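Peer 1: In the working numbering, the protein residues as written are 51 to 443.
Could you have a look at this structure, given as structure tokens, before my questions?
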Amino acid sequence: MGSPAVLPSLWPAFALCLSMAVANGLGRFAYALLLPAMREDLQWTYAQAGWLNTANALGYVLGAGTAYALLHRVSARRLFQAGLGLCVFTLAVTGASGALPWLSTQRVLNGVGAAWVSACGSTLVLLHYRHAPNRRGAATGLFFGGAGIGLIAAGLAVAPLLAIHGAATWPTAWLVLGAVGLLASIWPMTLAGRIQESTAVTEAHDHAPLPLRHLGACLAAYFCWAGGYIIYLTFIFAWLRDHGLSWQQGIAVWTVLGIAILCSGMLWRRALGAWPGAHVLSACCAVSLLGTLAPLLGGTTGLFVSAAVFGSSVFIAAAAIAVLVRQNLPAARIGRAMALFNLAFAAGQAIGPVAAGAVADRTGLDGALWLSAALHVAAVALPWAARAPRGAG
């Protein structure tokens, strides 16, 4: 009787997940912690404050588009390393000036780097575990859950600094984020250089169109989800402040959110390993919808429930897309498909913050959360219209 096969270690997935801690946790979502201080110090409206996340999302659009084009010519690991380096650099220099053009430029460049990290990092995870389907779901969930590490690190490093030393210290907070990002990037940078891409090399010779007729519904759902989730993560800390929570309570909620995101991959690993990707996408968006609505019920308990529920599901949407792509496309087309889905994600993410900021200026931050909820409803419904082709390689 043969011995059972040894499952590959998840440590490589954890190493790569640190890149998402930098690109998403620090690069994109830590801005929610700085938003109240920057808005106070720079005398911004909510629409202006939301614009910086829209600038970051526009950079993500540019990054997703260039990744789609560059993956014909550049290896995923090289583009991944370039993107991670760009994320760290822009974090460190963002606070060098309070001028909106400077801040916007750095947020755009950070978004470009984050898109390269997300598209290429998820590709590297799928390629590394391509011969281990029993590990693929857990590895993919762990990779995208890495943003939770960044959220926790940002909350512990930045929020006390701003609370104790005042809103004017926001430039120092950006420098701190850059230092944390540099430390977190060492392991994934090193590991990426060692991942074999022999399967991906053929990508440059595969010019067949992607099956958008079958996957278009999930593409649209991903667009809606991107607009909805970024509204929550952009304005939730400001919402907490507006409702009278202390900065300590705010950090407690933020930490619960980060822990839930970090653990989400393990919570959803069975679904990611066994369900069709479209069904996982709908289910996790439904759970995120509940988390988005919970703060509107009132009470401190509702806020902690919101953070736990939202965090436990929000980044499973990205993992579900990775699973969907791997289930339905040959390995040689994974990189381009992930870049295309990232492009739809980036477009939704670009529209969400500025639209929600305009709503918040007129109706208050509750209106922004309701807009987030409406987009989540669309993201729940659309995947059921998908007719994904089978027979991936």
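Backbone N, C-alpha and C fix where the C-beta goes; we use that ideal spot for every residue, glycine too.
Note that the coordinates shown come from a computational prediction; the quantities given were computed from them, not determined experimentally.
Going by alpha carbons, who is nearest to F395 out of L339, Y81, A65, A165?
Peer 2: It is A165 whose Cα lies nearest to the Cα of F395.
Peer 1: Give the DSSP-derived three-state secondary structure of V124 in the structure shown.
Peer 2: Residue state, collapsed to three classes: coil.
Peer 1: In terms of alpha-carbon separation, which member of L136, L379, I202 lies closest to A302?
Peer 2: That would be I202, whose Cα lies nearest to the Cα of A302.
Peer 1: Report yes if the CB atom of A397 is closer than 7 Å to the CB atom of V111, and no otherwise.
Peer 2: Taking 7 Å as the Cβ cut-off, A397 and V111 qualify as a contacting pair.
Peer 1: Hey, would you say A418 sits closer than 7 Å to A107, going by beta carbons?
Peer 2: No, the Cβ-Cβ distance between A418 and A107 is not below 7 Å.
Peer 1: Taking W297 as the reference, which of V124, L84, N184 has the closest Cα?
Peer 2: It is L84 whose Cα lies nearest to the Cα of W297.
Peer 1: So within the stretch 322-409, which uninterrupted beta strand (DSSP E) runs reach at least 3 residues, ignoring any that extend past its ends?
Peer 2: Those beta strand (DSSP E) runs which fall completely within the stretch 322-409 and span 3+ residues do not exist here.
Peer 1: Label F204 either buried or exposed according to how many other C-beta atoms from any shown protein chain fall within 10 Å of its C-beta, with 16 as the threshold for buried.
Peer 2: Correcting the residue identity first, residue 204 is Ala in this sequence and not Phe. Buried: at least 16 other Cβ atoms inside 10 Å.
Peer 1: Is it true that the stretch 278-292 meets the stretch 421-432, where meeting means three or more beta-carbon pairs spaced less than 8 Å apart?
Peer 2: Short answer: they touch.
Peer 1: Which residues in the same chain as N103 place their Cβ atom closer than 7 Å to its Cβ, once the five residues preceding and following it in sequence are excluded?
Peer 2: For N103, where only same-chain residues beyond five positions count, the Cβ hits under 7 Å are Y81, I280, T284, P403.
Peer 1: What runs of the alpha helix (DSSP H), each 4 residues or longer, lie entirely inside the stretch 126-195?
Peer 2: You should have 126-143, 150-178, 183-195.
Peer 1: Classify A63: buried if its beta carbon has 16 or more other beta carbons within 10 angstroms, exposed otherwise.
Peer 2: When all chains shown are included, A63 counts as buried.
Peer 1: Going by C-alpha to C-alpha distance, which of G294, L241, Y282, F287 sits closest to L127?
Peer 2: Residue identity differs from the one stated: residue 127 is Arg in this sequence, not Leu. For the residues G294, L241, Y282, F287, the minimum Cα distance to R127 belongs to L241.
Peer 1: Look at the alpha carbon of A142 and the alpha carbon of A229, and state the distance between them as a whole number of angstroms.
Peer 2: Distance between the alpha carbons of A142 and A229: 7 Å.
Peer 1: With distance defined between alpha-carbon atoms, name the residue in S235, T305, G348, C334 nearest to L134.
Peer 2: It is S235 whose Cα lies nearest to the Cα of L134.
Peer 1: With a 10 Å radius around its C-beta and 16 neighbouring C-beta atoms as the bar for buried, classify R123 as buried or exposed.
Peer 2: Exposed.
Peer 1: In whole angstroms, what separates the C-alpha of A250 from that of S172?
Peer 2: With a pLDDT of only 45 at A250, under 50, the local geometry of the prediction cannot be trusted, and no value is derived from it.
Peer 1: What do you get for W289, buried or exposed, if any count of 16 or more other CB atoms within 10 angstroms of its CB means buried?
Peer 2: That one is buried.
Peer 1: By how many angstroms is the C-alpha of S332 removed from the C-alpha of G113?
Peer 2: Going by the C-alpha atoms only, they are around 26 Å apart.
Peer 1: What did DSSP end up calling L245 once you bin it into helix, strand or coil?
Peer 2: Note that residue 245 is Ile in the sequence shown here, rather than Leu. In this structure, I245 counts as coil in the three-state DSSP scheme.
Peer 1: Helix, strand or coil: which one does DSSP assign to W275?
Peer 2: Three-state DSSP puts W275 in a helix.
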